[in-house]
Amino acid sequence: MSKARIGIWLIGARGGVATTTIVGLIALKKEFIGTSGLVSSLPQFGRLDLPEWSDFVVGGHEIRAVSLADEAMRLVTESRIATPELIARCKTELNNIDQRILPGTIHRVGKTIAQLADDAVPQRESPREAVDRLKRDLTEFAAANNLHHVIVVNVASTEPPVATGEIPKTWAQLEPLLERPRKCPLPASSLYAIAALDSGCSYVNFTPSLGSSPAAVGELARLRGGRHTGCDGKTGETLVKSVLAPMFARRNLSVMSWVGHNIFGNLDGKVLEDPVNKATKVGSKDRLLGEILGTRTQTHVSIEYIESLGDWKTAWDHVHFRGFLDVPMALQFTWQGCDSALAAPLVLDLVRFTECARRRGQNGLLTFLASFFKSPLGVNEHRFDRQFQILEAWAEGD
Ligand code: NAD
Numbered sequence: 509m510s511k512a513r514i515g516i517w518l519i520g521a522r523g524g525v526a527t528t529t530i531v532g533l534i535a536l537k538k539e540f541i542g543t544s545g546l547v548s549s550l551p552q553f554g555r556l557d558l559p560e561w562s563d564f565v566v567g568g569h570e571i572r573a574v575s576l577a578d579e580a581m582r583l584v585t586e587s588r589i590a591t592p593e594l595i596a597r598c599k600t601e602l603n604n605i606d607q608r609i610l611p612g613t614i615h616r617v618g619k620t621i622a623q624l625a626d627d628a629v630p631q632r633e634s635p636r637e638a639v640d641r642l643k644r645d646l647t648e649f650a651a652a653n654n655l656h657h658v659i660v661v662n663v664a665s666t667e668p669p670v671a672t673g674e675i676p677k678t679w680a681q682l683e684p685l686l687e688r689p690r691k692c693p694l695p696a697s698s699l700y701a702i703a704a705l706d707s708g709c710s711y712v713n714f715t716p717s718l719g720s721s722p723a724a725v726g727e728l729a730r731l732r733g734g735r736h737t738g739c740d741g742k743t744g745e746t747l748v749k750s751v752l753a754p755m756f757a758r759r760n761l762s763v764m765s766w767v768g769h770n771i772f773g774n775l776d777g778k779v780l781e782d783p784v785n786k787a788t789k790v791g792s793k794d795r796l797l798g799e800i801l802g803t804r805t806q807t808h809v810s811i812e813y814i815e816s817l818g819d820w821k822t823a824w825d826h827v828h829f830r831g832f833l834d835v836p837m838a839l840q841f842t843w844q845g846c847d848s849a850l851a852a853p854l855v856l857d858l859v860r861f862t863e864c865a866r867r868r869g870q871n872g873l874l875t876f877l878a879s880f881f882k883s884p885l886g887v888n889e890h891r892f893d894r895q896f897q898i899l900e901a902w903a904e905g906d
């Protein structure tokens, strides 16, 4: 197995998912914790050429002026993730990583996200200037840390939806728009994706924001021999939906309606209080039921910010279905998950599998990672078991 230093560059590097990912990675390196929750540690992936925990170096972009160690401690006090002792044992590494977190961009992120930004974040850069600066940061990170490859993971706040019809379909048409701030419809997540792919990095979009979804950005990935995947990590309620919905379909039980009510109180939830940011997330959470069950099922997703819950998401789902003799019946379930603790191991899995794909010479859109996403790019298969079989088949070298 090759030993190579690999960079993980987190966009939103001091947020809940990023901080939990960083704490988890340090704890794995020091063998303070085991591997529960990590898909890449399952036996069927044991023969893959995956990077070791000690191979990784972390840096990132952020827009808030807070300290990583303080954010880690806040996860303990507000949301009961990990223990104060664990954070104390990781503090030196957290402070070192903090030095490698640089100001990001807020181009077209909407007012709710822009309000989070501190003075170090440039307010008036053109998209071209922003992309060039982000590329410089990535190149310097790779050089300073003697890295073989860098994987950029977007775990920043969810942006408002973008009118995708306005985005040119080819890279040759899209690139000149970077010089024209008023005409460039791309939000920050896509500028990060362009900077990553144009620098030869891989790009993973863990959020429902636009990121590398536009065809022209996918073309850039192919032109540069890079790889990308996304979007929106499938960590909780939507994961359960993608397991249960095929059951109804296979038993020919007609689902008349499926209502999902989500409540939680972290910073992500606060940003999603803004109806425009919420629209992006609701669309992503709702999409798969139509794909699996067909459009006759009435669906409804609600998301409410309830501050006292912190990072603990409660989702209550009500599924109303019809059986033989048209008898109406219902299934209800309640999911109570710690959002960041569910997401962080998947971020590490995605990084390891993406690096493994690079070592296998695989470029372009990494569709075999569909099981990790609510809205997998380039894949219409939403049934979790089928998606997981695709991952296993890839691991076996198919
Ligand atoms: P968070 O609000 O705790 O963290 C987001 C971080 O991104 C914040 O620190 C914020 O300052 C930073 N940020 C915002 N815009 C930025 C920009 N343009 N550049 C750089 N940094 C920026 O949220 P979170 O709970 O960590 O979730 C992160 C993202 O992952 C969200 O988009 C969320 O919807 C998505 N996601 C989370 C889960 C989960 O937690 N289970 C599952 C799927 C998707």
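Under our numbering, think of the first position of the sequence shown as 509, with each following residue one higher. Ideal Cβ placement from N, Cα and C applies to all residues, glycine included.
Val663 is the residue among Val566, Arg522, Val663 whose C-alpha sits nearest the C-alpha of Leu854.
Annotation note: the stretch 617-681 contains the following uninterrupted alpha helix (DSSP H) runs of length 4 or greater, listed N- to C-terminal: 619-622, 635-652. Distance from the C-beta of Ile571 to the nearest heavy atom of ligand 1 is below 7 angstroms. Here Phe564 has Ile514, Ile516, Leu533 as same chain residues with Cβ atoms under 7 angstroms from its own Cβ, once five neighbours each way along the sequence are excluded.
Excluding sequence positions up to five before and after Leu556, its CB lies within less than 7 angstroms of the CB of Cys864, Ala903, all in the same chain and listed in chain order. Annotation: the continuous alpha helix (DSSP H) that includes Asn604 extends over 592-606. Within the DSSP bridge table, the entry for Arg735 names Gly872 as partners. Between Thr613 and the set Thr591, Ser665, Thr822, the nearest pair of CA atoms involves Ser665. Within 7 angstroms of the C-beta of Ile519 there is at least one heavy atom belonging to ligand 1. Burial is judged here by how many other beta carbons sit within 10 angstroms of a residue's own beta carbon; Glu667 has at least 16 and is buried.
Using a cutoff of 7 angstroms, the CB of Gly532 does not count as near ligand 1, since none of the ligand's heavy atoms is closer than that. Across the set Cys598, Cys692, Gly777, Leu699, the C-alpha of Gly777 shows the shortest separation from the C-alpha of Ser848. Cα atoms of Gln897 and Pro630: separation of roughly 45 angstroms, rounded to the nearest angstrom.
Taking a contact as a CB-CB distance under 8 angstroms, the pair Gly738 and Ser720 counts as one, their CB atoms being some 6 angstroms apart.
Going by DSSP, Arg830 is part of the beta strand (DSSP E) stretching over 820-830. In this structure, Asn653 has its CB at a distance of at least 7 angstroms from all heavy atoms of ligand 1. With a minimum length of 4 residues, the unbroken runs of alpha helix (DSSP H) contained wholly in the stretch 777-821 fall at 783-801. In the assembly as shown, Pro693 is a buried residue. Its beta-carbon has 16 or more other beta-carbons within 10 Å. Ser710: member of the beta strand (DSSP E) spanning 710-713, first to last residue. The C-alpha of Phe832 is placed about 35 angstroms away from the C-alpha of Phe880. Counted as a single uninterrupted DSSP element, the beta strand (DSSP E) harbouring Ile771 occupies residues 762-772. Collapsing the DSSP output to three states places Ile541 in coil. The beta carbon of Gly818 sits closer than 7 angstroms to those of Glu586, Ser587, Gly773, Asn774, all from its chain and outside the five residues before and after it, given in chain order.
Pro611 is bridged by DSSP to Glu570. Rounded to the nearest whole angstrom, the C-alpha separation of Leu747 and Lys538 is 30 angstroms. Between ligand 1 and Ala696, a heavy atom-to-CB distance of less than 7 angstroms is present. With respect to the 8 angstroms criterion, Trp679 and Leu728 are classified as neighbours on the basis of their beta carbons. Inter-residue distance for Asp857 and Leu546 is about 6 angstroms (C-alpha atoms, whole angstroms).
For ligand 1, no non-hydrogen atom lies closer than 7 angstroms to the CB of Asn770. Here DSSP, grouped into helix, strand and coil, assigns Pro684 to helix. Non-local C-beta neighbours of Thr743 in its own chain, meaning closer than 6 angstroms and more than five positions away in sequence, comprise Leu850, Ala851, ordered along the chain.
Within the same chain, Val767, Ala838, Gln840 come within 7 angstroms of His826 by CB-CB distance, once the 5 residues on both sides are set aside. By the C-beta density criterion, Ala521 is buried, having at least 16 other C-beta atoms within 10 angstroms. With distances taken between CA atoms, Thr591 lies nearest to Ala577 out of Gln552, Thr620, Ala577.
Inter-residue distance for Ser544 and Leu877 is about 19 angstroms (C-alpha atoms, whole angstroms). At a cut-off of 7 angstroms, the beta-carbon of Arg522 counts as near ligand 1: some heavy atom of the ligand is closer than that.
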